[in-house]
Amino acid sequence: MYGCTPVFALSLRGTIAVLCGSLLAPVALAADPAHAGHLIDAPELSPTVITAVAPSSPLTVVTNPKDPRQPVPASDGADYLKTIPGFSAIRAGGTNGDPVLRGMFGSRLNILTNGGLMLGACPNRMDAPTSYISPETYDRLTVIKGPQSVIWGPGGSAGTILFEREPEKFGTLGSRVNASLLTGSNGRFDKVVDAAAGNSQAYARFVGNQSRSGDYKDGNGHHVPSRWDKWNGDVALGWTPDADTLLELTAGKGDGEARYAGRGMDGSQFKRESLGLRFEKSNLGEVLDKVEAQVYYNYADHVMDNYSLRTPSGKGMMGMPMVSNVDRRTLGARIKATWRWADVQLISGIDAQTNEHRKRGGMGVDAHRGQPWTKDADFHNYGAFGELTWYVSGEDRLITGARLDRASARDFRKGSATENDTRADTLPSGFVRYEHDLASLPATAYIGLGHAQRFPDYWELFSPKRAPAGAVNAFDGIKPEKTTQLDFGIQYRGERLEAWASGYVGQVRDYILFDYRTGMMGMTTSQAQNIDARIMGGELGAAYQLTDTWKADATLAYAWGKNSSDGKALPQMPPLESRLGLTYTRDAWSAGALWRLVDEQNRIARNQGNVVGKDYGTSAGFGVFSLNGAYKVSKNLKLSAGVDNLFNKAYAEHLNLAGNAGFGYPASDPQPVNEPGRTLWTKVDFSF
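Following this line, the structure appears as C-alpha cells:
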C-alpha cells in the first residue's frame with residue numbers, strides 16, 4: 000500500500016468538487032436544522048457488502064450502485080456491471096474495460112446515462128461508453144437482458160443498461176448530503192459527494208467524484224502498468240411547481256487519464272461535457288397518464304499518446320512519440336407518453352439521435368495541438384416505438400413491443416473509395432413476452448421472443464483496415480445485424496429461499512465479426528465481415544437464509560456461441576463462471592466471503608473477435624477467494640472493508656488484451672495481462 004502522503008493529497012479539482020458539494024448543504028441547514036424538508040429520506044445504509052445481484056423481475060435487474068460491493072468498489076461502469084451474473088468485461092489493465100453481456104459486446108448493448116447516449120471516440124474503444132460513468136454517482140442501475148424492450152433506442156440486441164439519477168423531492172426548505180471515502184492497496188483513493196437542497200418548488204443537486212490508483216502488482220509480484228486518475232462533476236436544477244410536474248436541467252463535466260498494459264497507447268485525456276433537459280407531467284387524465292420529454296447533448300474529447308504515461312521505446316513502429324486526438328459529439332431527444340386503460344398500459348413515442356466523429360494527430364509530443372479537426376463520419380437515427388402491457392388476469396401478463404428505425408451514416412474520409420457516400424436502412428424490431436405467476440408457488444415463469452435489427456456502428460464501419468469480400472471497404476460492405484432470440488426463465492421468492500433461472504437461444508443473421516491478420520513489419524490489420532451465428536446460454540442463482548444470521552448465495556453463468564457459417568466457435572465468449580457467497584449479519588455487523596470460480600475456455604476462434612479484442616489463445620480456469628466486513632456505526636454512518644484475492648492468486652481473465660511490447664511483454668508470444676494480486680480496501684459511507 001502506498002504511503003499516506005500520495006493517498007490523501009487532494010488534487011485541486013477533487014478539492015473543488017468536494018467543497019462545492021458540501022457548500023450546498025448549509026444554505027438549507029440554516030433554514031431547517033433538522034433536515035426535515037426532504038420528503039423521501041435517504042435509504043438507511045445497509046450493513047452488508049454486495050457480492051452478487053439477483054433479478055428484480057423477469058429479465059430485469061435493478062440495483063443501487065451506491066452500495067459497497069466486492070471486489071473493490073468499481074472505478075467505471077463496466078467494472079460495476081461484472082457484479083451482475085452474465086456480465087464480464089474485456090480487460091486491458093486497471094480501469095476502463097469494455098462490458099460484455101452473454102458474450103455480446105459493443106452496440107449490442109444499449110448504455111444510457113439519465114436517458115442519454117454517451118459515445119466514446121477512440122476507433123478501438125479505449126474510451127468505451129462505460130469509461131465515462133462513475134457508478135456511485137447514480138441512484139439506480141437497471142439492466143434489461145435480451146431484445147425485450149424497445150423504448151430506449153435502436154439496437155440493444157443483447158440488452159439495455161440504464162444508469163439513472165432520481166429527481167429530488169423536498170417539502171419545506173431542507174437538504175441532504177451523502178458522501179463516501181475509499182482507500183486501498185496500490186494507492187487507490189476515491190471520494191464522492193452527493194448533495195442537494197431545495198423545497199417543494201425547486202431543488203439543486205451536485206454530484207462530484209474523484210478516483211485514482213497507482214499501478215498494481217499481480218499474484219506473481221510483477222508490476223502491471225494500470226494507474227488512473229479521473230474526476231466528474233454534475234449539477235441538476237429542478238423545478239417542481241406541483242407533485243405531478245418536473246422540469247430538470249442537468250450539466251456535467253469530467254476528465255481523466257489512464258494507462259493500459261494491453262495497449263500501444265495510453266489515454267491522457269477523457270474530457271466529457273454533458274447537458275440535458277427533461278420534462279415530466281403525470282396524472283393527466285383517466286387514459287393519458289404521463290408525458291415525458293427530454294433532450295441531451297454529450298461530448299467526448301479523447302487524447303491517446305505513447306509518451307504522457309510511458310516512455311517510448313525508440314524501436315519499431317510505435318517507438319517514437321505520437322498522439323491521436325478524437326472527439327464525438329452526440330445530440331438526441333425522446334418524447335414518450337404512457338396510456339392506461341383498465342387492463343392495458345401502453346408506452347409510445349419517438350426518439351432521434353445524431354452524432355459526428357472527428358480526429359487529428361501526428362508524430363511528436365503534443366503534435367495535435369493547433370491542428371485543424373478532420374471530420375470522418377456522422378450518423379443519424381430516427382425511431383418510433385410502442386410497448387404494451389396487457390394484464391390478462393391477476394396472474395398473467397402479456398408484454399409486447401415494436402419499433403421502427405431509420406438509420407443512416409455518411410463517410411467523410413478524404414481519399415476513401417466511399418468519400419461523401421451515404422448509406423441508410425429502415426430497421427424493424429420487436430418482442431412479445433408472456434409472464435405467469437404460479438398459483439402453487441411464490442414464483443413467476445416467463446417466456447419471450449424478441450427480434451432486433453442493428454445498424455453497424457462507427458467502429459464496425461470505419462475501424463477495419465481491410466475490406467470485406469466483394470466490397471471496397473467496410474462502409475460499403477457491412478450489413479445490419481439481425482438477432483432473433485428466445486428468452487425464458489423462472490423466479491422463486493420464498494420465506495427463506497430466493498432462486499431464479501434464465502436461459503436464451505438465439506440466431507444472429509449477418510453477425511459482424513472481426514478478423515485479424517499480421518503482415519509486413521509486424522503490423523496487425525483488421526477486417527469486418529458478416530457471418531451467421533447461433534448463441535445460447537443462461538444464468539442461475541439462489542440465496543438461502545440458513546439461520547437468522549447466516550445466508551448463503553450462489554450464481555452460475557454460461558454463454559456459448561457458434562459461427563454457423565464455418566462451424567467454428569464464436570470468438571470472445573466468456574467461460575463458465577460461478578460465484579459462491581456466505582454472509583453473517585448480526586445487528587450492525589456483517590462479515591462475508593466470496594469465492595469466484597471461472598472455468599477454462601478452450602472454445603476459441605484464433606485471431607477473430609471484435610474491434611477491441613481477439614482470441615489469441617485458450618485460457619486456464621481459476622478461483623479467487625475474498626473476504627469483507629461492515630459495521631453500521633449509526634443509521635447514517637457505515638464502515639466497510641475487504642481483502643480481494645486473499646491468497647494472492649496469479650490469474651488472467653479470458654476476455655483480455657495481450658500485454659503490449661512497450662511495457663516488456665513478448666511481441667511474438669501474446670501474453671494476457673494478469674489481474675491484481677491481494678488487494679486491501681476500506682470504505683466509509685455517511686449521509687445526513
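In numbering that gives the first Met the number 0, the protein residues as written are 0 to 687.
Heads up, the beta-carbon is just placed ideally off N, CA and C, and yes, glycines get one too.
DSSP-derived helix/strand/coil call for residue i
{"i": "R107", "result": "helix"}
{"i": "S130", "result": "helix"}
{"i": "N529", "result": "strand"}
{"i": "A242", "result": "coil"}
{"i": "A660", "result": "helix"}
{"i": "L460", "result": "helix"}
{"i": "F205", "result": "strand"}
{"i": "D189", "result": "strand"}
{"i": "E135", "result": "helix"}
{"i": "N673", "result": "coil"}
{"i": "S184", "result": "helix"}
{"i": "L308", "result": "coil"}
{"i": "F474", "result": "helix"}
{"i": "G429", "result": "strand"}
{"i": "D375", "result": "strand"}
{"i": "P32", "result": "Any reading at P32 must be qualified, since the residue scores a pLDDT of 40, below 50, and its modelled position is unreliable; no value is offered."}
{"i": "G331", "result": "strand"}
{"i": "A651", "result": "coil"}
{"i": "L236", "result": "strand"}
{"i": "G76", "result": "helix"}
{"i": "S667", "result": "coil"}
{"i": "R90", "result": "strand"}
{"i": "Q69", "result": "coil"}
{"i": "V60", "result": "strand"}
{"i": "W389", "result": "strand"}
{"i": "N113", "result": "coil"}
C-alpha gap between residue i and residue j, whole angstroms
{"i": "E418", "j": "K561", "result": "35 Å"}
{"i": "L426", "j": "V597", "result": "38 Å"}
{"i": "D136", "j": "S686", "result": "Per the sequence presented here, residue 136 reads as Thr, with Asp not at that position. One C-alpha to the other measures close to 14 Å."}
{"i": "T399", "j": "G331", "result": "25 Å"}
{"i": "G315", "j": "T523", "result": "13 Å"}
{"i": "D684", "j": "N635", "result": "8 Å"}
{"i": "G414", "j": "M321", "result": "23 Å"}
{"i": "E434", "j": "G608", "result": "36 Å"}
{"i": "L181", "j": "L116", "result": "29 Å"}
{"i": "L118", "j": "D241", "result": "35 Å"}
{"i": "N659", "j": "D214", "result": "15 Å"}
{"i": "F86", "j": "R465", "result": "31 Å"}
{"i": "R508", "j": "S589", "result": "49 Å"}
{"i": "N219", "j": "Y543", "result": "36 Å"}
{"i": "G476", "j": "Q526", "result": "11 Å"}
{"i": "D233", "j": "A195", "result": "12 Å"}
Cβ-based burial, residue i [other Cβ within 10 Å; buried from 16]
{"i": "Q147", "result": "buried"}
{"i": "N601", "result": "exposed"}
{"i": "W151", "result": "buried"}
{"i": "W499", "result": "buried"}
{"i": "R516", "result": "exposed"}
{"i": "A423", "result": "exposed"}
{"i": "N529", "result": "buried"}
{"i": "G393", "result": "exposed"}
{"i": "V60", "result": "buried"}
{"i": "T373", "result": "exposed"}
{"i": "K682", "result": "buried"}
Bridge-paired residues (DSSP) for residue i
{"i": "Y381", "result": "A351, R405"}
{"i": "G537", "result": "G502, Y557"}
{"i": "R495", "result": "Paired residues: none, contrary to the question."}
{"i": "F411", "result": "None; F411 has no bridge partner."}
{"i": "I489", "result": "A444, A500"}
{"i": "E247", "result": "G237, R277"}
Beta-carbon spacing of residue i, residue j below 9 Å
{"i": "G641", "j": "G622", "result": "no"}
{"i": "V206", "j": "D189", "result": "no"}
{"i": "G540", "j": "D531", "result": "no"}
{"i": "P441", "j": "G488", "result": "no"}
{"i": "Y131", "j": "A299", "result": "yes"}
{"i": "A77", "j": "R164", "result": "no"}
{"i": "R211", "j": "R187", "result": "yes"}
{"i": "M303", "j": "P311", "result": "no"}
{"i": "A250", "j": "V290", "result": "no"}
{"i": "G96", "j": "T62", "result": "no"}
Short CB-CB distance (under 9 Å) between residue i and chain C
{"i": "I398", "result": "The structure shown contains no chain C; it holds only a single protein chain."}
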